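In this note's numbering, the protein residues as written are 8 to 122. Cβ coordinates follow ideal geometry from the N, Cα and C atoms, glycine included. These numbers come from a predicted model, not from an experiment.
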Amino acid sequence: MVKVISEGMNKQDISSGKILELGCGDGSVSLEMESKGFNIFGIDIAPIAIEWAKSKTSRQKAYAEFEVGEVTNLPYPDNNFDVVVDASCSHCIIGEDRRQFFAEAHRILKPNGKS
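Right under this line is the structure:
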């Protein structure tokens with residue numbers, strides 16, 4: 008998954024910026040992007056996943072901010088991120104929640120942001 012995301016970002020000429028990973032799980036994708044110089048944030052509904060992500064961040068001496076939260080009600084201000092990444096989250100969300108998921112992702116993206 009990291010390779011696919013990296014290739015997509017290369018094709019769009021994205022080499023820096025503030026990234027939010029939705030449904031970040033244990034932070035593997037986020038931390039790979041952090042190692043390439045991105046400013047990383049991650050959110051996941053599972054507290055244990057966020058614990059794992061924070062533990063990995065510490066072990067790798069990386070900097071990333073991970074928090075427990077819902078992707079249908081993001082705790083970030085409007086126009087806040089250059090890139091929003093969904094490595095493995097949206098396929099689990101259906102119905103009205105799915106519309107809210109995409110509305111929230113769009114809301115937090117900067118005007119020229121990428122998703």
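Where residue i falls: helix, strand or coil (DSSP)
i      : result
ILE50  : strand
SER115 : As written in the sequence, residue 115 is Ile, which differs from the Ser given in the question. DSSP places ILE115 in helix when its eight states are reduced to three.
Burial state of residue i, where buried means 16 or more other Cβ atoms lie within 10 Å
i      : result
CYS99  : exposed
GLU58  : exposed
GLY120 : buried
PRO32  : In the sequence as presented, Pro is not what sits at residue 32; that position holds Gly. Label assigned to GLY32: buried.
7 Å Cβ cutoff met for residue i and residue j
i     : j     : result
GLY49 : SER37 : yes
Same chain only: Cβ atoms within 8 Å of residue i, ignoring 5 sequence neighbours per side
i     : result
ASN80 : GLN107 and GLU111
TODO: Please specify which runs of the beta strand (DSSP E), each continuous and at least 3 residues long, are wholly inside the segment 55-91, giving them in chain order.
DONE: With a minimum length of 3 residues, the continuous beta strand (DSSP E) runs that stay inside the segment 55-91 are 71-75.
Open item on the list: Threshold first: 4 residues or longer. Then list the alpha helix (DSSP H) segments lying entirely within the segment 22-47, N to C.
Closed with: Here the runs fully enclosed are 35-41.
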